[in-house]
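First to last, the protein sequences are chains A and B.
Be aware that the first sequence starts at 1464, since it is given in my numbering, and climbs by one per residue.
Be aware that the second sequence starts at 756, since it is given in my numbering, and climbs by one per residue.
Here's the structure we're looking at; comments come further down.
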Amino acid sequence: MQDEPLSDSGVTAVLSALCAAAVHETGASGAWVTFLGSGTSHLLHATDSVAARLADVEFTLGEGPGLRAGRTGRLVMVPDVHAERLHVLEGVGEGQITNDLSADLVEAAQQLDVAAVFAFPLQVGAVRLGVLELYSRHRGPLETPQLTAALRHALAITHALLGLSALESDGAANGTVEPDLRATNDGKALTRAVVHQATGMVMVQLGTSIDEAFTRLRAHAFAEGLPITEVAELIVDRRLRLERD
Amino acid sequence: MARPDVDREHVLARTFVRLADTLVSGFDLVELFDDLVTSSMEIFELRAAGLMLADSTGRLRVMASSSETARLIDVLELQGDEGPCVEAYRRGEPVTAEDPDEQARRWPQIASRMRELGLGAAYAVPMRLRDQTIGAVNLFRGPEKPLRAGDLPTAQALADVATIAILQVRAARASLELAEQLQAALNSRVTIEQAKGVLSEYGRVDMSVAFAALRAYARSHNRRLSEVAEALAQGRLRPERVIDRAAP
């Protein structure tokens, strides 16, 4: 269900603009965004052929910083791909700095002249949507302003991915709307606790995963032409239940 | 009247010790902020309290609220882009507005809603980390019940201790940047809301009961609140382990 809006050309334009901005503001060499569905993943956008190739390598190997970030919901930073595979610095609740990569991945990075990779989960609470990854030809960690910029773009991309189905109706998905505007509109709904509470309730009502529950909640709002916050309030007030298919 | 004062000093002292404690034990930022709000309610005899943090775009988001009323006023503040918390965050200084007329002048969009919700004197203290303001704490007393002299600086001191804890945690975990830490905490807050939804639906209880069950489970199993919430929301922990299924 999520695949349909994501394949829209308007999305590509928004992702392309946001990825380009992320690369520009972080001083990275390139970026790509991967969509993660239940058991699937596919590349949504890559800024250049190296980024596309890295995405392909991760997908083929079934491992890498992006998949790890997507699985754990934590930031994964590989500031030096070629460092000795010795230590993993891990924050308990937050991200990890690591050079713990498979030999295949290190070799692929070497061939592509890639020195560092940084992966940012795109998520809403426990809902995992995908990953933003940045690569750099120079080794070294992201400095504070660059890291902050990357986090900001990861958030904007998350909002953009979510804003699409709601925006299709008014023709905004044709790429004419500023990415920032889309992000703001959907971002506001995401600050409302009731939306997340309703997502958890729908998960139990439908007996599905949290990802699927969130998709169903958004799809219902879209189908009824209601703001997601309104549908969420109905659910939390127990005046609406979503039924299993 | 001496008695309540003594009790109050005890609660205050205990709160400082507990907040300081979090500096050494493994803990959750979410829990720390929640603790700060809950303790402030008791110490300052508040009608409502809330805590907001800025996300990586600089937009304030509700991180902890003493009640649904408190959450509502926080959301109204964010929507209207005005109010004590918003102002304290912007100016990096404590905010005081005790008089309803003054509140109406300063915050024309939300002042009447504050009164409807039974909120009177309004205050906020910023959460400052070095030269950066990362959020603010809202404090509301009942109508015609201003805080006592010296209370606002005490509230600021509590907020300062909580803010310093963020730095400490980072050092202890060789952890990453502040921005990422705060983003993770905000995301944990969302996960907790999702987990509350799961428990509320499964146990047929309201959100505050669901939250209490979540917190009780985390404490009795010695696990972090955000960890338990994530396990629930991702289906790795069954809701029946945490709350009883309501009779149909």
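Each residue gets a CB set at the ideal place from its N, CA and C atoms; glycine is no exception.
What did DSSP end up calling residue i once you bin it into helix, strand or coil?
i: Ala-971 (chain B); result: helix
i: Phe-799 (chain B); result: coil
i: His-1710 (chain A); result: Because chain A in this structure spans residues 1464 to 1708, residue 1710 (chain A) falls outside the shown range and cannot be described.
i: Leu-808 (chain B); result: strand
i: Ile-817 (chain B); result: In the sequence as presented, Ile is not what sits at residue 817 (chain B); that position holds Val. The answer is strand: DSSP assigns Val-817 (chain B) an E or B state.
i: Gly-1529 (chain A); result: helix
i: Ser-1565 (chain A); result: coil
i: Arg-1591 (chain A); result: strand
i: Pro-1608 (chain A); result: helix
i: Thr-1497 (chain A); result: strand
i: Ser-1599 (chain A); result: strand
i: Glu-1693 (chain A); result: helix
i: Pro-1584 (chain A); result: strand
i: Val-1577 (chain A); result: coil
i: Val-1544 (chain A); result: coil
i: His-1550 (chain A); result: Bear in mind that the predicted position of His-1550 (chain A) carries a pLDDT of just 47, short of 50, making it unreliable; the figure below should be weighed with that in mind. Note: His-1550 (chain A) maps to coil in three-state DSSP.
Compare the beta carbon distance of residue i and residue j with 7 angstroms and say whether it is the shorter of the two.
i: Asn-893 (chain B); j: Ala-904 (chain B); result: no
i: Thr-1654 (chain A); j: Arg-816 (chain B); result: yes
i: Ala-1684 (chain A); j: Val-1694 (chain A); result: yes
i: Ala-1572 (chain A); j: Val-1544 (chain A); result: yes
i: Thr-909 (chain B); j: Leu-884 (chain B); result: no
i: Leu-1705 (chain A); j: Leu-1697 (chain A); result: no
i: Ala-1578 (chain A); j: His-1601 (chain A); result: yes
i: Gly-1533 (chain A); j: Arg-1591 (chain A); result: yes
i: Ala-819 (chain B); j: Phe-788 (chain B); result: yes
i: Thr-1621 (chain A); j: Leu-1585 (chain A); result: yes
i: Pro-881 (chain B); j: Ala-891 (chain B); result: yes
i: Gln-911 (chain B); j: Pro-994 (chain B); result: no
i: Ala-1001 (chain B); j: Arg-959 (chain B); result: yes
i: Ile-865 (chain B); j: Ala-809 (chain B); result: no
i: Ala-988 (chain B); j: Ile-1673 (chain A); result: yes
i: Gly-1527 (chain A); j: Leu-1568 (chain A); result: yes
i: Ala-1613 (chain A); j: Thr-1489 (chain A); result: yes
i: Ile-798 (chain B); j: Leu-774 (chain B); result: no
i: Arg-896 (chain B); j: Gly-873 (chain B); result: no
i: Leu-1478 (chain A); j: His-1505 (chain A); result: no
i: Ser-943 (chain B); j: Val-792 (chain B); result: no
Establish whether the CB of residue i and some CB of chain A are separated by less than 7 angstroms.
i: Ser-811 (chain B); result: yes
i: Tyr-957 (chain B); result: yes
i: Gln-864 (chain B); result: no
i: Ala-910 (chain B); result: no
i: Val-997 (chain B); result: no
i: Thr-946 (chain B); result: yes
i: Arg-816 (chain B); result: yes
i: Lys-900 (chain B); result: no
i: Gln-949 (chain B); result: yes
i: Gln-938 (chain B); result: yes
i: Gln-989 (chain B); result: yes
i: Gly-805 (chain B); result: no
i: Ala-934 (chain B); result: yes
i: Val-953 (chain B); result: yes
Kindly say whether residue i, judged by its beta-carbon, lies nearer than 7 angstroms to any beta-carbon of chain B.
i: Leu-1618 (chain A); result: yes
i: Val-1587 (chain A); result: yes
i: Arg-1534 (chain A); result: no
i: Gln-1660 (chain A); result: yes
i: Val-1667 (chain A); result: yes
i: Leu-1614 (chain A); result: yes
i: Gly-1437 (chain A); result: Chain A is shown only over 1464 to 1708; residue 1437 (chain A) falls outside these bounds and no answer can be derived.
i: Ala-1656 (chain A); result: yes
i: Gly-1502 (chain A); result: no
i: Thr-1489 (chain A); result: no
i: Glu-1693 (chain A); result: no
i: Gly-1688 (chain A); result: no
i: Thr-1621 (chain A); result: no
i: Gly-1663 (chain A); result: yes
Kindly say whether residue i, judged by its beta-carbon, lies nearer than 7 angstroms to any beta-carbon of chain C.
i: Glu-985 (chain B); result: Judged by its chain identifiers, the structure shown contains no chain C, and its protein chains are A and B.
*Counting only runs of 4+ residues fully inside the region 835-908 of chain B, write out the alpha helix (DSSP H) ranges in chain order.*
Counting only unbroken stretches of 4 or more residues, the alpha helix (DSSP H) elements lying wholly within the region 835-908 of chain B are 839-846, 855-861, 866-871, in sequence order.
*asked:* Count Cβ pairs between the region 976-986 of chain B and the region 941-952 of chain B that sit closer than 8 angstroms; are there 3 or more?
replied: By the C-beta criterion, the region 976-986 of chain B is judged to be in contact with the region 941-952 of chain B, since at least 3 inter-stretch pairs fall below 8 angstroms.
*What are the start and end residues of each continuous alpha helix (DSSP H) run of 4 or more residues lying completely inside the region 939-991 of chain B, in chain order?*
The region 939-991 of chain B contains, as complete alpha helix (DSSP H) runs of 4+ residues, the segments 962-975, 980-988 (chain order).
*Should the region 1675-1682 of chain A be regarded as contacting the region 835-842 of chain B, the criterion being three or more beta carbon pairs within less than 8 angstroms?*
With the cut-off at 8 angstroms, the region 1675-1682 of chain A and the region 835-842 of chain B do not touch.
*Does the region 851-867 of chain B touch the region 761-768 of chain B, meaning 3 or more C-beta pairs lie closer than 8 angstroms?*
Verdict: no, contact absent.
*asked:* Does the contact criterion of 3 or more C-beta pairs under 8 angstroms hold for the region 1480-1492 of chain A versus the region 1589-1597 of chain A?
replied: Touching, per the Cβ criterion.
_When you compare the region 822-832 of chain B with the region 848-856 of chain B, are there three or more beta-carbon pairs, one atom per stretch, that lie closer than 8 angstroms?_
At 8 angstroms Cβ cutoff, the stretches do not touch.
*Count the C-beta pairs between the region 1602-1619 of chain A and the region 1511-1521 of chain A that are closer than 8 angstroms, then say yes if the count reaches three, no if not.*
In short, these stretches do not touch, since the Cβ pair count stays below three.
*Between the region 951-959 of chain B and the region 801-813 of chain B, are three or more C-beta pairs nearer than 8 angstroms?*
Too few Cβ pairs lie closer than 8 angstroms, so no.
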